[in-house]
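Numbering (this note's numbering), first residue to last: 31 to 132.
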């Protein structure tokens, strides 16, 4: 996401928070995929269970991102690049959550 500074500094804070939530969610999903792969290769149900146990955290992050995006759209009325980034974050979040479910 862009590092351009905005007149309203709290918008920059929200963009950084959005980026952080996406990064955290991506890390959890990456861990889920690694655990699932390991579980398949080793045929270890305990490892598979660990992957599944991460799903509530991924779901919670998805809800946080959705809430932040709605707040940003409603209160900040972003334009151009900022709007594209915020909408992309919402799409990325949905994709990550879906990946985590599998």
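Yeah, the Cβ is synthetic: ideal placement off N, Cα and C, and Gly gets one too.
Worksheet item: Candidates 40, 115, 83 and 49: which alpha carbon is nearest residue 132's?
Response: It is 83 whose Cα lies nearest to the Cα of residue 132.
Item to complete: Give me the Cβ distance between residue 122 and residue 52, rounded to the nearest whole Å; I'm assuming they're in contact under 8 Å.
Response: 6 Å
Item to complete: Report all residues from its chain with a CB closer than 7 Å to the CB of residue 108; omit the five preceding and five following residues, and keep chain order.
Response: 102 and 116
Worksheet item: Helix, strand or coil: how does DSSP classify residue 107 here?
Response: coil
Worksheet item: Among 81, 76 and 54, which residue has its Cα nearest to the Cα of residue 66?
Response: 81
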